[in-house]
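Asker:
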Amino acid sequence: MTLKQYFSNIFTGVKSLATGMKVTGGYFLRHHKEKITEQYPDNRDTLVLAERFRGEVIMTHDDNNEHACTGCTACELACPNGTIKIITKFDLTPEGKKKKALDTFIYHLELCTMCNLCVEACPTSAITMAPTFEHSVFDRSQLIKKLNKPGSKIREGVE
Amino acid sequence: MSFETLANWVHNWLYETLHPTVALLVEFAIVGVLIIGLFAVLGLVLVMMERKVSSWMQLRLGPNRIGPWGWFQTVADTLKLIVKEGMTPNNVDKLLFNMAPMLVIVVSMVIMAPIMFAKGIQIWDINIGVLFVAAVSSLSIIGVLMAGWASNNKYSLLGAMRSGAQIVSYELSAGLSILVIVVLTGSLKMSDIVMAQADGWWLFKGHVPAIIAFVIFIIAATAETNRAPFDLAEAESELTAGFHTEYSGMKFALFFLAEYVNIFVVCAIGATLFLGGWMPFHIGNWEGFNHVMDYIPSSVWFFGKTFLLIFVIMWFRWTFPRLRIDQLLSLEWKYLLPISMFNILLVTIIALAGWHF
Amino acid sequence: MTREELKQLLTERFPDNAVDDAGQFLQIQVPASQWGSFALFLRDTAELQFDFLFCLTCVDWLKHLTMVYHLRSTDYRHELVVKCQLDREQPVIATAAHTWRTAEFHEREVYELFGVQFEGHPDLRRLILPDEWEGWPLRKDYEDPVNMIKL
Amino acid sequence: MYRETDIIQTIPGTDEMVINVGPQHPSTHGVLHLVITIDGETVKKVEPHLGYIHRSIEKMCESLSYRQFIYTTSRMDYLSAHINNHACALAVEQAMGIEVPLRAQYIRVVMDELTRIASHCLWWGSVAMDCGAVTPFFLAFREREMINTIMEETCGARLTMNYMVPGGVMFDLHPNFQRDAKAFLAHFRSKIDEYDELVTGNIIFQNRLKGTGFISKADAISYGCTGPTARGSGVSCDVRKWYPYEVYQQVQFDEILETAGDSYARYLVRLAELRQSMSIIEQLIDNIPTGDFQAKTKAVLKPPKGEFYSRVETARGELGVYIVSEGGTTPYRIKFRSPGFSNLSALDHMVRGQKLGDLVAVMGTLDLVIPDIDR
């Protein structure tokens, strides 16, 4: 190492360090503009989640408390984790025929990986993904949900 | 009424009313309490400052939940550390393990003695002030080595050995850069060094050698306090926590506190030697300008300069990656030490020839 | 070397071994006893130079195990799949770890998941599972009532 | 007072100590367990112990249908989840002979490259953090967060997107996708120089990485290294160039090759790949053709009997999916040839005789993702 190299080493070294310090120093001075922290529980009111965000499976009910689920178990078959359990019953149609219908739609949120395969599989678009994410509860059993609302029935015309 | 007159008044009152020995002991007690109080305040302020500086450099907000702007965050943290169980793991050397944090904290307390906090506020204006600081500060490595060895943990041992090699090497260049100012001033006494800068700080008066010495001192000070980029003794990504891996609760807090107080101390010394300590910013014999500067209290000058240097050291920490152990040693032995040797030669010539202002 | 040339070369040199051209890659069946020398042949022959073993695995066919080696030449960019049938009760095959270093880890994985013994492997220990694990999990008849959940 | 337990044990007859790095260690990026033998600061031997998060995805996939198993691969290399899914989708499409619509191909490639940028951003932050600098991590996460938001908007999830289905993608692009992606590219163009200023040019960082973790070209091939790890040693192995899939044939990009073979070369390769990925997205983003985003497929996929191997270039190297089909609805056997597993096997070779600090830096530049290794 010649003396010239020795000093040029020092010079380039110090210069590179100063460049780095310029970047962090710049952020220090501009911190009020650059900060990216989201203060989560405080910004709950203004928090906008993407409409496609997959947080949990829900069954859409209209104003008459009617849903579109025929109890076909396509979603149950499509689910890789055994998250969905459908219990069916037999309704009597006005003509007096027996017709398979949904009794209870059990959804295990604790097993769900939000893969959206059940929603894709549903032939009647009865279930969708909801953009909610605050699922913490104190007891795991509270995560087992019944998706069809009490007293709800299948919408007219959905086969 | 300044601090100086208050201190004098207390001193005179004690000696008038009490027996001199008792008065001395009472003064000891008062100073001790004040120092411990200063420690607590420094710990809180510096930890908070570190957090805010780092968060602002990292696009974050920093602590902002406890108290106004999060100012009580460190208080809460200290409270947590105090009530936490101070565990002593099995198979450690109990005596050394428990003594190490005490030793480290005592060392950083002792270095406080010759520091001039403001005009006339100094615990002990010892005539070998600078030498005292250099000597005592190298004691803290013993505490680190004790902690590393007594923990009976390989990570701790590695951290302690790294720290030993590092502090022993960087003492040299720190000492040599201090010597530059001693040569210029002609005295080891802190008050003399400060008074010598009444017409301008050594950083400006001492030509190039003083600037080189200042840069080397800042680097060496960072290394001696085990701060990034020289935090090999802790080296979070390599040794988890280095020499204090096994410490918890208040014993860990003492190491933590000692680290921050050490930063304050080295920066105070740096400010005293190169930036004139409590001396306001004076330029030669511009009477008017100097007079205006004198209106700012001396304590403000001292703490302002010290915290400026602390900020620079924090800035280093949040910008640079860590050096490797062999690079750390080669930086010292191949770059800093030869340069400071040459520097001291240069400054001796300047001082002898009287070329400085 | 094109696929045709490669096929021709291999059938000429190894008339006893079945070369299969139907799938995505050219395949050759090699008896397990020949694998060690065959591997060296593939790597060291100047016009083949299969120096990159990009996939090494095992398939359990219930009657036997099949070792599958996917090989590529980084210079010529031709690819070859070598298959070796192993006895299911006593699966033993020569290691490829000295020919392709990457085989060392892959063979350890295959050893603990399929129970294949690699002769001459420098360090044939369990890599993923705990030391006291019993059974070969990726075999088809492996049952574990605790860790396997049947849906 | 002498007690047996006081003394830190060394290997008898030597000064060498055995240290467990991990499974809980700040720089192993997960639960990797390395048993290292060191003599003072010098690393003598590194022995990886794996399996702390082994979920046996290969066995799980044997009981899942061809539609279902794709989502499990997001959990392998979670930083390039989308690219993993891509490899599986390609394998199934190859097995079934499904023609993917051009629009879906474009969308897939754009998403792949966005994932690659996100993954490399995280790697950049973490390699700087392994070397002791914390601030770059936050800068990198700012960029990564923007990509995550774009992903969330279109795919519906931030990390484990599961956007791939056999025959295309699950949804069409969000109407805002192009606008947001272009905004991100503009932002990233202005910020990537900062990466160089803060880390690449830094003398400490260069000295930490140069000359450490050396692996020669022949060794890199022999150890089965792929991706930036191999390209840092001059091995031309970019799957996108050599075995182009989807629309990679139509885009202009360079395969980054460095010949030094050390950690710094690997660092430079990844940093240059960031710029290449940006240029790929810029070429495609405005030209996404209209049309279907998903081919018409049967509800139950039953590939013919046979073996299918597909490969893609993930952020870490070549990911191979080897499917053995018996003609049923579930795969008979699946093997994931993960890039991290082979790259990790070269770690011992790379760090022998180097310092303990180098081990951490080399691990950083290898960009290990532990679920990818354990699977």
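From first to last, the protein sequence lines are chains P, W, R and D.
Each residue of the first sequence is one higher than the last, beginning at 1 in the numbering used here.
Each residue of the second sequence is one higher than the last, beginning at 1 in the numbering used here.
Each residue of the third sequence is one higher than the last, beginning at 1 in the numbering used here.
Each residue of the fourth sequence is one higher than the last, beginning at 1 in the numbering used here.
From the three backbone atoms N, C-alpha and C, an ideal C-beta is built for every residue, glycine too.
In whole angstroms, give me the CA-to-CA distance for residue 123(P) and residue 156(P).
Answerer: C-alpha separation (whole angstroms): 16 angstroms.
Asker: From the DSSP output, in three-state form, read off residue 362(D) for me.
Answerer: DSSP places residue 362(D) in helix when its eight states are reduced to three.
Asker: Please check if any C-beta of chain W sits within less than 9 angstroms of the C-beta of residue 61(P).
Answerer: It does not; no Cβ of chain W falls within 9 angstroms.
Asker: Please list the partners that residue 129(P) has in chain W, where partner means a Cβ-to-Cβ separation under 7 angstroms.
Answerer: Residues of chain W passing the Cβ test: none, with the nearest at roughly 31 angstroms.
Asker: Contact check, residue 163(R) vs residue 91(R) under 8 angstroms by CB: the rounded distance?
Answerer: Past the edges of chain R, shown from 1 to 151, lies residue 163(R), and the structure says nothing about it.
Asker: Can you find the residues in the same chain that come closer than 8 angstroms, C-beta to C-beta, to residue 56(R), ignoring five residues on each side of it along the sequence?
Answerer: Only 67, 68, 69, 70, 96, 102, 103, 106, 107 and 110 meet the Cβ criterion.
Asker: Going by beta carbon distance, what residues of the same chain come within less than 7 angstroms of residue 55(W), once the five residues before and after it are set aside?
Answerer: Contacts found: 61 and 62.
Asker: On the CB-based measure, 16 or more other CB atoms within 10 Å of its CB, does residue 122(W) come out buried or exposed?
Answerer: Residue 122(W) is buried by the Cβ-count criterion.
Asker: So residue 351(D) and residue 43(D) are in contact, right, with Cβ under 8 angstroms, and what is the actual spacing, rounded?
Answerer: Between residue 43(D) and residue 351(D) the Cβ distance is about 5 angstroms, and since that is below 8 angstroms, they are a contact.
Asker: Beta-carbon of residue 122(W) versus every beta-carbon of chain D: anything under 9 angstroms?
Answerer: No, no contact with chain D.
Asker: I need the DSSP call for residue 368(D), collapsed to helix, strand or coil.
Answerer: Reduced to three states, the DSSP call for residue 368(D) is coil.
Asker: If I measure Cβ to Cβ from residue 295(D) and keep anything under 7 angstroms in the same chain, skipping five residues before and after, which residues do I get?
Answerer: So the list reads 98, 99, 100, 101, 167 and 168, once near-sequence residues are dropped.
Asker: Output the boundary residues of the alpha helix (DSSP H) element that contains residue 274(D).
Answerer: Where residue 274(D) is concerned, the enclosing alpha helix (DSSP H) stretches over 263 to 285.
Asker: Need the endpoints of the beta strand (DSSP E) that residue 142(R) sits in, please.
Answerer: Premise fails: residue 142(R) is in no beta strand (DSSP E) and is neither H nor E.
Asker: With a threshold of 8 angstroms on Cβ separation, who are the neighbours of residue 91(W) within its own chain once the five nearest residues in sequence on each side are excluded?
Answerer: 152.
Asker: When you check each C-beta in the segment 317 to 339 of chain W against every C-beta of chain P, which residues fall closer than 7 angstroms?
Answerer: Of all residues in the segment 317 to 339 of chain W, 318, 319, 320 and 335 have a Cβ within less than 7 angstroms of some Cβ in chain P.
Asker: Considering only the alpha carbon of each residue, which of 21(R), 38(R), 74(R) and 14(R) lies closest to residue 3(R)?
Answerer: Here the closest residue by C-alpha is 21(R).
Asker: Can you check whether the C-beta of residue 120(P) is within less than 9 angstroms of a C-beta belonging to chain D?
Answerer: True, the Cβ-Cβ gap to chain D drops below 9 angstroms.
Asker: Give the interface partners of residue 153(D) over in chain P, defined as CB-CB distance under 9 angstroms, in chain order.
Answerer: In chain order: 50, 51, 52 and 53.
Asker: Quick one: what's got a C-beta closer than 8 angstroms to residue 143(P)'s C-beta in the same chain, skipping five residues either side?
Answerer: Excluding residues within five positions, the ones whose Cβ falls inside 8 angstroms are 108, 109, 110, 135 and 137.
Asker: Does DSSP put residue 231(D) in a helix, a strand or coil?
Answerer: Residue state, collapsed to three classes: helix.
Asker: Quick one: what does DSSP say residue 14(P) is sitting in, helix, strand or coil?
Answerer: In this structure, residue 14(P) counts as helix in the three-state DSSP scheme.
Asker: For residue 6(R), which option in 74(R), 133(R), 78(R) and 137(R) has the closest C-alpha, if you only look at C-alpha atoms?
Answerer: Taking only the C-alpha atoms, the option nearest residue 6(R) is 78(R).
Asker: How would you call residue 48(R), buried or exposed, if buried means at least 16 neighbouring beta carbons within 10 angstroms?
Answerer: Label assigned to residue 48(R): buried.
Asker: Counting only the same chain and skipping the five closest in sequence on each side, list residues whose C-beta sits under 7 angstroms from that of residue 75(P).
Answerer: Once the five neighbours on either side are set aside, the close Cβ partners of residue 75(P) are 84, 118, 121, 122 and 127.
Asker: Could you check whether residue 197(D) and residue 22(P) sit closer than 9 angstroms to each other, using their CB atoms as the reference points?
Answerer: Yes, they are a contact pair.
Asker: Terminal residues of the continuous beta strand (DSSP E) containing residue 379(D)?
Answerer: As shown, chain D starts at 1 and ends at 375. That puts residue 379(D) outside it, with no answer to give.
Asker: Check the Cβ of residue 228(W) against every Cβ in chain D and list those closer than 9 angstroms, keeping chain order.
Answerer: Under the 9 angstroms cutoff, chain D gives 132, 133 and 134.
Asker: Per DSSP, what are the beta-bridge partners of residue 80(R) in this structure?
Answerer: Bridge partners of residue 80(R): 26(R) and 71(R).
Asker: Taking only beta-carbon atoms, is residue 302(D) less than 9 angstroms away from chain R?
Answerer: No, because no Cβ of chain R sits closer than 9 angstroms to the Cβ of residue 302(D).
Asker: Can you grab the Cα-Cα spacing for the pair residue 1(D) / residue 150(W), in whole Å?
Answerer: Annotation note: pLDDT 41 at residue 1(D) (below 50); position unreliable, coordinate value reported separately. The straight-line gap from Cα to Cα measures roughly 13 angstroms.
Asker: Report the three-state DSSP secondary structure of residue 54(R) (helix, strand or coil).
Answerer: Strand at residue 54(R).
Asker: Residue 29(D) versus chain W: which residues are under 8 angstroms apart at the beta carbon?
Answerer: None at all; the shortest Cβ gap to chain W is about 10 angstroms.
Asker: Is it the case that the Cβ atoms of residue 74(D) and residue 129(D) are separated by a distance below 9 angstroms?
Answerer: For residue 74(D) and residue 129(D), no; Cβs fall outside 9 angstroms.
Asker: So for residue 248(W), helix, strand or coil by DSSP?
Answerer: Coil, per DSSP.
Asker: If I follow the unbroken alpha helix (DSSP H) through residue 326(W), where does it start and stop?
Answerer: Per DSSP, residue 326(W) belongs to the alpha helix (DSSP H) from 325 to 330.
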